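Those sequence lines, one after another, are chains A, B and C. Read the first sequence against this note's numbering and you will find it ends at 266, with the numbers running on by one and no gaps. Read the second sequence against this note's numbering and you will find it ends at 269, with the numbers running on by one and no gaps. Read the third sequence against this note's numbering and you will find it ends at 366, with the numbers running on by one and no gaps. Note that the Cβ used here is the ideal one computed from N, Cα and C, for glycine as well. As the structure is a prediction and not an experimental result, all values here were calculated from the model. Data first, discussion second: the structure below is written as structure tokens.
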Amino acid sequence: MSVIAYGLFRTRLGPSRAMLSRNWVAMRRAWVLVASGGVESLLFLFAFGFGVGALVGDITLPGGRTISYTAYVAPAILANAAMMGTLLETSINVFAKFKWMKVYDGVLATPMRPWDIALGEVWWALIRGGVYVAMFVIAMGAFGLLESVWSVLAVPAAVFIGLAFSGIGLTLATVFRNWPDFDWMMAIVFAMFLFGGTFTPVESYPGFAQPLVYAMPLYHGIELVRGISLGELGPMMAVNVLYLCALALAGTWIAQRRLAKALYK
Amino acid sequence: MSGTAATAAPGPAAAAWRAFQLQLTLYRHTWHGTVFSSVVLPLLYMISIGIGVGSYIESGATGGITYAEFIAPGLVCAVAVMMLGGDMVYPVFGGYKEWGGAYLAQRATPLRPVDILNGHLLYAVAFRPLTACTVVALVLAGFGVYTSAWAALAVPAAAAVSAAFAPWLFAWCSSLKNDAMLNAVFRFAIMPVMLFSGVFFPAEQMPGFLQPLVWASPLWHGTELARAATAGFGTALPPAAHLAYLAVLAVGGWLAARRVIVRRLSF
Amino acid sequence: MPVDENEILVRAHGLRKRYGDFEAVRGVDFEIRRGEAFGFLGANGAGKSTTMRMIGCVSEPSDGALDLFGLDPHTDGPAIRARLGVVPQDNTLDNMLTVFENLTVYAGYFGIKRRTAARRAAELLEFVQLTARSRDKVDDLSGGMQRRLAIARSLINEPDLALLDEPTTGLDPQARHLLWERLFQLKQRGVSIVLTTHYMDEAEQLCDRLVIMDEGRIIASGSPRELIDTHVTKEVVELRYGGLHTTDLADIARTLDGIGSQVEALPDRILVYTDDGDDTTAALEARDVSPTSVLARRATLEDVFLRLTGRALGEDDG
Numbered sequence: 002m003s004v005i006a007y008g009l010f011r012t013r014l015g016p017s018r019a020m021l022s023r024n025w026v027a028m029r030r031a032w033v034l035v036a037s038g039g040v041e042s043l044l045f046l047f048a049f050g051f052g053v054g055a056l057v058g059d060i061t062l063p064g065g066r067t068i069s070y071t072a073y074v075a076p077a078i079l080a081n082a083a084m085m086g087t088l089l090e091t092s093i094n095v096f097a098k099f100k101w102m103k104v105y106d107g108v109l110a111t112p113m114r115p116w117d118i119a120l121g122e123v124w125w126a127l128i129r130g131g132v133y134v135a136m137f138v139i140a141m142g143a144f145g146l147l148e149s150v151w152s153v154l155a156v157p158a159a160v161f162i163g164l165a166f167s168g169i170g171l172t173l174a175t176v177f178r179n180w181p182d183f184d185w186m187m188a189i190v191f192a193m194f195l196f197g198g199t200f201t202p203v204e205s206y207p208g209f210a211q212p213l214v215y216a217m218p219l220y221h222g223i224e225l226v227r228g229i230s231l232g233e234l235g236p237m238m239a240v241n242v243l244y245l246c247a248l249a250l251a252g253t254w255i256a257q258r259r260l261a262k263a264l265y266k
Numbered sequence: 003m004s005g006t007a008a009t010a011a012p013g014p015a016a017a018a019w020r021a022f023q024l025q026l027t028l029y030r031h032t033w034h035g036t037v038f039s040s041v042v043l044p045l046l047y048m049i050s051i052g053i054g055v056g057s058y059i060e061s062g063a064t065g066g067i068t069y070a071e072f073i074a075p076g077l078v079c080a081v082a083v084m085m086l087g088g089d090m091v092y093p094v095f096g097g098y099k100e101w102g103g104a105y106l107a108q109r110a111t112p113l114r115p116v117d118i119l120n121g122h123l124l125y126a127v128a129f130r131p132l133t134a135c136t137v138v139a140l141v142l143a144g145f146g147v148y149t150s151a152w153a154a155l156a157v158p159a160a161a162a163v164s165a166a167f168a169p170w171l172f173a174w175c176s177s178l179k180n181d182a183m184l185n186a187v188f189r190f191a192i193m194p195v196m197l198f199s200g201v202f203f204p205a206e207q208m209p210g211f212l213q214p215l216v217w218a219s220p221l222w223h224g225t226e227l228a229r230a231a232t233a234g235f236g237t238a239l240p241p242a243a244h245l246a247y248l249a250v251l252a253v254g255g256w257l258a259a260r261r262v263i264v265r266r267l268s269f
Numbered sequence: 049m050p051v052d053e054n055e056i057l058v059r060a061h062g063l064r065k066r067y068g069d070f071e072a073v074r075g076v077d078f079e080i081r082r083g084e085a086f087g088f089l090g091a092n093g094a095g096k097s098t099t100m101r102m103i104g105c106v107s108e109p110s111d112g113a114l115d116l117f118g119l120d121p122h123t124d125g126p127a128i129r130a131r132l133g134v135v136p137q138d139n140t141l142d143n144m145l146t147v148f149e150n151l152t153v154y155a156g157y158f159g160i161k162r163r164t165a166a167r168r169a170a171e172l173l174e175f176v177q178l179t180a181r182s183r184d185k186v187d188d189l190s191g192g193m194q195r196r197l198a199i200a201r202s203l204i205n206e207p208d209l210a211l212l213d214e215p216t217t218g219l220d221p222q223a224r225h226l227l228w229e230r231l232f233q234l235k236q237r238g239v240s241i242v243l244t245t246h247y248m249d250e251a252e253q254l255c256d257r258l259v260i261m262d263e264g265r266i267i268a269s270g271s272p273r274e275l276i277d278t279h280v281t282k283e284v285v286e287l288r289y290g291g292l293h294t295t296d297l298a299d300i301a302r303t304l305d306g307i308g309s310q311v312e313a314l315p316d317r318i319l320v321y322t323d324d325g326d327d328t329t330a331a332l333e334a335r336d337v338s339p340t341s342v343l344a345r346r347a348t349l350e351d352v353f354l355r356l357t358g359r360a361l362g363e364d365d366g
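Written as structure tokens, this is what we have:
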């Protein structure tokens, strides 16, 4: 990396580190509570991957390959963990800092810009999501679900999911007015979890439902993580990655615009 | 309710009824927000897991009935547990707070702490399951998952699960100091109970060392009873034993909850 | 660093701020010099806080020119804010952090190195007398302590200019005096201060120069002494009539023609502006107006405000 590019990198991203470090200082006393959120995904893995998986036995993929149902579901729940970790952090927690605690009002009186705030929150959400994902991968390994090196590559793939849902969550935090709005968000999240291709191949859904599923960000995350961990790479993965990146950029950009509009009044 | 002067100290039943009225009034404002978690979500589970995943499951794995038929009775009972997540966690914790705490406000009236407890329980373990679980049970009928009219017994089973579980949640959330701990209630109580009580897969599949936890779960006992009524299965224990366990849990929980609310509301 | 007394830090010309149809600031001009304490005095809703937000570069002016340290807020907001210390009206302290962390984390927003931040934080807590509370959460502090913490926080970047929006509003008298003491010391250290207030005594004590704002405009400016000399007489005699109504007071006021330089009837008392209070008091006794109490005192900024706006400062603009 050239010196100029490095300098640019520092001036663009440097201030957002201050926001990240604020979150770390604020949350370090409660880190056990934050990290224990990863447990939820493990519960889903045990219940649906192992419990229901034992009833299903093996599943035949649309391509004709047969794998255990547990191995089929686990990557999807990993994608779900990446989503939950980043979405909850950027939506609910950012909302509280923005609307209730007025943290950002104080921050904007300094050289920090809305863009720095938004980016700092994204980094922090990625760390929280990363903790969830790491816990999950370790559990997968402990239960013998990591069949190849490919499974470990699912972790960087989860970063794209985390980025996308950070962007979405940040935007929602600036749009929402009160708590019931978050109940609706959770409703949609649950619908995505149940129908985003987590439990059964989308190809088995009725035709009218399939376009809806293709629009779901979680679906693209699941496809990506599952494809990699099963070692089945395909050109569609580029579409998955692009879709997630587009959501990440658009969400973060809209969010910082809206923060600026609300706080620079 | 009798027409005695409002100034007279109410009897326990009348007092609980009055405390219940408050919860009912709040419900009138928020019922539409609860429709998703209490009615829509269980249906989504039925479609995605019961029918979607069920199409990959052979009926031999679930005792000769389809997978959808297998999970339907437990799902009705699980709705009761999901609803407790809405009714017995944040509202209980917030009840003691200066900002609009419902219990503090009620405490300023002739109601005693135990009346406040009874009123809230009346709402959470009778009113809510008897309405929402009935709706869910009726809608599930549309999926053709019942073979006999005895399936209706899933609703009282759900209420029994609620009665056994709610007071413990009440006691726990009443003793919390920090709202961040409320997430732990979901993570370590409500979700595990939901997922590992034999609703979605037979509890015998759980590893042996976890079996005692399954037996402790009120939802497992309720699901056994409901499934026996719906699908004509035998229960794991004699039905009376399941009921007795739920009753013991309910009474023990109520005593614990009473202790906590009396302590919190005595100043 | 040699202090150039005449260096102008802030220059505003024709500054305006509109919110939809409502114009909060309607074209104000002012200059703030290095080393001085500059005040915006006015009732609630006069446009003081909006002006402060524009100076703080967190509010874009709708019209007019604003220049801080020779920089343009529109393009150089972060560079300008790096040299400001801001105490907003509602503190905006971070209540998830301890007292000490509020300072060090805030220092991070300025890109100040951790070690420097910790040293300055300790010094500043000493300065605002909060060292003993440094490990406490913000919510456990009293209102006065929170405000002192906010002032300490605003100094963490060693600002060229401190902006304090109603620094003592809502504090009890003891807390106010402690705060004034600290602000006075700040002035002595050579920190330039801009503050808004609706307290006369605060403005008189702390400000070298001030402007009086009303309905989004500046209606007078100068040092406290100049303002009094220009707009009111040296002294004021107050007549109070327990129990009488406004209309009665107006009637009485009319009978006082020729006494002092001007007579004004307020809802609760009559003011007689004069250059010689004793003289006027004697003259009043000669007329048979029998007030329940008579008080001759020096004229204050309150009188200036009253003369200029016809309202007492405590009254809102509505």
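The three-state secondary structure of His-293(C), taken from DSSP, is coil. When Cβ-Cβ separations below 9 Å define contact, Ala-130(C) makes contact with chain A. Residue pairing by DSSP puts Ile-56(C) in a beta bridge opposite Arg-81(C). Taking 9 Å as the CB threshold, Met-136(A) stays off the interface with chain C. Beta-bridge partners assigned by DSSP to Gly-133(C): Ala-210(C).
Residues of chain B whose Cβ lies closer than 9 Å to the Cβ of Phe-196(A) are, in chain order, Leu-46, Ile-49, Ser-50 and Gly-54. In terms of beta-carbon proximity, Ala-110(A) lines the interface with chain C, with at least one pair separated by less than 9 Å. Going by DSSP, Ile-160(C) is part of no alpha helix (DSSP H) at all; its letter is neither H nor E. Annotated three-state conformation of Glu-263(C) is coil, per DSSP. Under DSSP, Thr-357(C) shares a beta bridge with no residue.
In this structure, Cys-79(B) places its C-beta atom within 9 Å of the C-beta atom of Ala-228(B). For the pair Ala-233(B) and Pro-75(B), the CB atoms are nearer than the 9 Å cut-off. Lys-65(C) is classed as buried because its beta carbon has at least 16 other beta carbons within 10 Å across all chains shown.
Under the DSSP definition of a beta bridge, Tyr-67(C) partners with Phe-70(C). Your pair Gly-156(C) and Ala-261(A) does not check out as a contact, with CB atoms roughly 21 Å apart and the cut at 8 Å. When DSSP states are grouped into helix, strand and coil, Gln-213(B) belongs to the helix group.
Within the model, the alpha-carbon separation for Gly-232(A) versus Ser-22(A) is close to 37 Å. Spatial neighbours of Leu-257(B) in its own chain (CB-CB distance under 6 Å, excluding positions within 5 residues in sequence) are not present. By the CB criterion at 9 Å, Met-144(C) and Ala-27(A) fall inside the cutoff. When DSSP states are grouped into helix, strand and coil, Ile-318(C) belongs to the strand group.
Not a single CB atom of chain A sits nearer than 9 Å to the CB of Phe-167(B). Between the alpha carbons of Glu-350(C) and Asp-120(C) lies a distance of about 35 Å. Closer than 9 Å to the CB of Ala-239(A) there is not a single CB belonging to chain B.
Contact annotation: the stretch 151-163 of chain A does not touch the stretch 196-212 of chain A, with fewer than three C-beta pairs closer than 8 Å. Within its own chain, the residues whose Cβ lies closer than 6 Å to the Cβ of Ala-83(A), once the five positions on either side in sequence are excluded, are Gly-130, Val-134, Ala-159, Ile-162 and Gly-163, listed in chain order.
For the stretch 159-189 of chain B, residues whose beta-carbon sits nearer than 9 Å to a beta-carbon of chain A comprise Asn-180, Ala-182, Met-183, Asn-185, Ala-186, Phe-188 and Arg-189. The distance from the Cβ of Ala-210(C) to that of Val-176(C) is about 13 Å, inconsistent with a contact at the 8 Å cut-off.
Remark: C-beta atoms of Leu-172(C) and Leu-203(C) approach each other more closely than 9 Å.
Straight-line spacing of the CA atoms in Ala-223(C) and Gln-137(C) works out to 16 Å. In the DSSP assignment, Lys-185(C) is bridged to Thr-146(C). Distance from the CA of Asp-336(C) to the CA of Thr-303(C), rounded to the nearest whole angstrom, comes to 10 Å. Going by C-alpha positions, Ala-249(A) is about 14 Å away from Ser-92(A). Of all C-beta pairs linking the stretch 152-168 of chain C to the stretch 110-123 of chain A, three or more are shorter than 8 Å, placing the two stretches in contact. The Cβ atoms of Ala-36(A) and Thr-253(A) do not sit closer than 9 Å to each other.
Identification of chain A residues near Ala-238(B) by a Cβ-Cβ cut-off of 9 Å yields none; the smallest Cβ-Cβ distance measures about 17 Å. Taken through DSSP and simplified to helix, strand or coil, Glu-60(B) comes out as coil.
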